[in-house]
Amino acid sequence: MKFFLDTANIDEIKLAAATGLLDGVTTNPSLVAKEKRNFRAALKEICGIVNGPISAEVVSLDTKGMLKEAKDLAKIHENITIKLPMTWDGLKACRELYQEGVKTNLTLVFSPMQALLAAKAGATFVSPFVGRLDDVSTTGMDLIEQIVTIYENYGYSTEVLVASVRSPIHVLDAALIGAHVVTMPWGIFQQLVKHPLTDIGIDRFLKDWDKVKNLK
Ligand code: E4P
């Protein structure tokens, strides 16, 4: 399973990359806005830290505008993955970029049919938003299960990138279902290693070791 960090914050990306377990980064306009800095400069810096897919989202709503933005963003680094909205225009842009060999990530996916369209259009990644579905009393993970089944039924190579992750349970469920990628905030990434019994166990071992370490 691949782990992506869902942030445009350079400090967080450096910390996650230092674990050696980070496979990529996803950004979106809201995450970039939080950093209050130039988008291209931030993307360039991220590409220098993480050697994996780095999603950069277009803001145009028409295919022509999306393709213009995509060409410009793709020049930043070969790892830039063009994030496109789940609309007919986004799908048309996806198809064209697929034919040109440019990696894409179809975002704002909330239904299995949208995910099927993304795979047919040749998307590299599809981003279903589990947290935002949970927010409206719909089980986001059911969508992941449906998409994984559909992709397996037809052997699509589009990778299921679980997005809008809000807790380690989302990561667990995604792993149990067999989703290819989870993108998560740094806080969730950090929580994955935590277990109170691990902390208690370390403490107990150290205390016991203290009792015998100087014995001759
Ligand atoms: C990532 O690709 C998505 O843009 C992101 O996970 C959305 O997360 P949110 O629903 O917490 O804003």
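Its first residue numbered 46, the sequence shown is counted upward by one per residue in this note's numbering. The beta carbon of each residue, even a glycine, is placed where N, CA and C say it ideally should be.
Residue nearest to residue i in terms of C-alpha spacing, selected from the options
| i | options | result |
| --- | --- | --- |
| Lys116 | Gly176, Asn54, Arg85, Gln235 | Arg85 |
| Leu217 | Ile189, Ser202, Glu102 | Ile189 |
| Val95 | Val70, Glu197, Ala219, Thr228 | Val70 |
| Leu50 | Gly135, Leu251, Gln235, Ser156 | Gln235 |
| Thr203 | Glu57, Lys148, Asp253, Gly176 | Lys148 |
| Ile291 | Ala87, Asp107, Asn83 | Look at the range of the chain in this structure, 46 to 261, and you will see that residue 291 is not part of it. |
| Leu106 | Thr132, Lys81, Cys92 | Thr132 |
| Val226 | Gly146, Gly93, Thr169, Lys113 | Thr169 |
| Ala219 | Val193, Ala61, Asp134, Pro157 | Val193 |
| Tyr201 | Thr228, Leu161, Thr72 | Leu161 |
| Met111 | Ile121, Glu90, Ala138 | Ala138 |
| Thr184 | His215, Glu145, Leu221 | His215 |
| Thr228 | Val104, Gln191, Val175, Leu260 | Val175 |
| Lys89 | Val181, Glu114, Ala53 | Ala53 |
| Cys263 | Ala63, Lys81, Ile58 | A question about residue 263 goes unanswered here, because the residues of the chain that appear run from 46 up to 261. |
| Val104 | Ile247, Pro213, Ser156, Thr72 | Thr72 |
| Gly65 | Lys47, Glu80, Gly146 | Lys47 |
| Met186 | Pro213, Thr108, Asp248 | Pro213 |
| Ile195 | Lys239, Ile233, Met158, Thr108 | Met158 |
| Leu178 | Ser156, Lys252, Lys113 | Ser156 |
Bridge partner(s) assigned by DSSP for residue i
| i | result |
| --- | --- |
| Ala86 | DSSP lists no partner for Ala86. |
| Leu260 | Answer by DSSP bridge pairing: none, since Leu260 is not bridged. |
| Thr152 | Pro130 |
| Ser100 | Thr71, Thr126 |
| Met229 | Leu50 |
| Ala208 | Phe174 |
Rounded Cβ spacing between residue i and residue j (contact assumed at less than 8 Å)
| i | j | result |
| --- | --- | --- |
| Arg140 | Gly167 | 6 Å |
| Val154 | Ala163 | 7 Å |
| Ser12 | Ala119 | With the chain represented from 46 up to 261, any question about residue 12 goes unanswered, as that position is not in the structure. |
| Asn150 | Leu67 | Asn150 to Leu67, Cβ: 17 Å. No contact. |
| Trp231 | Leu60 | 7 Å |
| Leu129 | Gly135 | 4 Å |
For the pair the region 238 to 245 and the region 74 to 82, tell me if three or more CB-CB distances fall below 8 Å. With the cut-off at 8 Å, the region 238 to 245 and the region 74 to 82 do not touch.
At least 3 beta-carbon pairs within less than 8 Å: the region 119 to 129 vs the region 96 to 110: With a cut-off of 8 Å on Cβ pairs, the region 119 to 129 is in contact with the region 96 to 110, counting three or more such pairs.
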